[in-house]
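Quick note: the sequence shown, position 162, residue 168 per the working numbering, numbers continuous. The beta carbon of each residue, even a glycine, is placed where N, CA and C say it ideally should be.
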Amino acid sequence: MSAISSSLSRRGFLASSAAVGAAGLFPAAARAASQDGAIRPFRIDVPEEVLVDLRRRVLATRWPDRETVGDRSQGVRLAKLQELVRYWGTDYDWRKAEAKLNAYSQFMTTIDGLDIHFIHVRSRHPNALPLIITHGWPGSVLEQLKVIEPLTDPTAHGGRADDAFDVVIPSMPGYGFSARPTETGWGPDRIARAWAELMKRLGYARYVAQGGDWGAPVSSAMARQAPAGLLGIHINLPAAVPPDVAAVLAGGGPAPAGLSEKERAAFDSLDTFYKKYRAYAAMMGTRPQTIGYALTDSPAGLAAWMYDYNNGEPERLLTRDEMLDDITLYWLTNTATSSARLYW
């Protein structure tokens, strides 16, 4: 936690972030939606029968044959997923995740015709800097809960009072408890405008933005749009690949000539990702509706899809319960397909 608090310290944020200025303009639809800017309290209470149905579906999983190789090169290994799904259907407790979320102030507001869910925690320290944090896929606001206390109360985590932030953590459109868009167009630029409107609604005249994964292009779009009050951004997925190199990677071609040793190592790493571990993005980016049928109907299918992200990255970074918290959230909110459409 100290590393998180240090990397996102208020002093470091203001010193290193790209400065932006000038007021951005909302499209007419956003201005119309903002006229009814009610912010409504929100609390999660999933009906027990929904959880019973989930466990029934999980325990009735129809399994494929095991993989024909001795590694995970064909995808998630059968024994590993069976172990996870068995635990999900017998011992996992969603109510613990629900209680974690309900321990924080949650709200809903309608922006640009869409209900947006968000967590909002004010620091006890005066003059705390407002910060809006954006998650990605296959994540959710659940993964951001860990940073709330260090950011809002840094003195309790080895920091200083002037490092304090007010924290706003929205669920992206089509993710979690935010509404599922019924039209195209909800990409990073439109989400960025919605986030600027959200911060305005909360009364913040100056603030900063942070994002990783999909949160990075959303935060970058906020910087380009330069809404009034946005002081700077911090991203942990910078789009630093030169366009010509990106084109080669997308086409599966050889490494460009003239790369340094470090550049070649980076190219090889990205090349492996594109050729072996990016199937999820290719499928969701071209056929989100098709894969969505399987993900929406089969809890085990959804678990495998999210578990396999970037060759099992969730397993390396999250506990078993944390993984299942995210997977269960996607299942309960029926957002497997709507979240996939962001790639499209």
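About 10 Å separates the beta carbon of Arg212 from that of Gly238, a gap too long to meet the 8 Å contact definition.
Setting aside the 5 residues that flank it on each side, Leu57 is surrounded in the same chain by Trp100, each with a C-beta closer than 7 Å to its C-beta; the list follows chain order. Judged by DSSP secondary structure, Asp277 falls within the alpha helix (DSSP H) whose first and last residues are Glu267 to Thr278. Classified as exposed, Pro260 has fewer than 16 neighbouring CB atoms from the shown chains inside 10 Å of its CB. In the structure shown, Tyr181 adopts coil according to DSSP, grouped into three states. Distance from the CA atom of Thr96 to the CA atom of Asp331, rounded to whole angstroms, is 14 Å. Pro179 and Ala185 do touch by the CB rule: their CB atoms are close to 7 Å apart, below 8 Å. If you ignore the 5 residues before and after Thr302, its C-beta comes within less than 7 Å of the C-beta of Asn340, Ala342 and Thr343, all in its own chain and listed in chain order. Burial check for Tyr98: the Cβ neighbour count within 10 Å reaches 16 or more, so the residue is buried. For the 8 Å CB-CB criterion, Ala200 and Ile139 do not form a contact. When secondary structure is reduced to three states using DSSP, Pro160 falls in the helix class. Classified as exposed, Tyr299 has fewer than 16 neighbouring CB atoms from the shown chains inside 10 Å of its CB.
The C-alpha of Asp314 is placed about 12 Å away from the C-alpha of Leu90. Of all C-beta pairs linking the stretch 132-147 to the stretch 53-71, fewer than three are shorter than 8 Å, placing the two stretches out of contact.
Secondary structure note for Ile333: its alpha helix (DSSP H) is the uninterrupted segment Arg326 to Thr339.
Here Val173 is buried: its Cβ has 16 or more other Cβ atoms, across all protein chains shown, within 10 Å. In the displayed model, Ala134 falls within coil according to three-state DSSP, outside both helix and strand.
In the structure shown, Gln80 adopts coil according to DSSP, grouped into three states. Excluding sequence positions up to five before and after Phe48, its CB lies within less than 8 Å of the CB of Gln112, Phe113, Met114, His123 and Phe183, all in the same chain and listed in chain order. The three-state reading of DSSP puts Ala215 in strand, counting E and B together. Ala287 and Trp350 have their C-alpha atoms roughly 9 Å apart.
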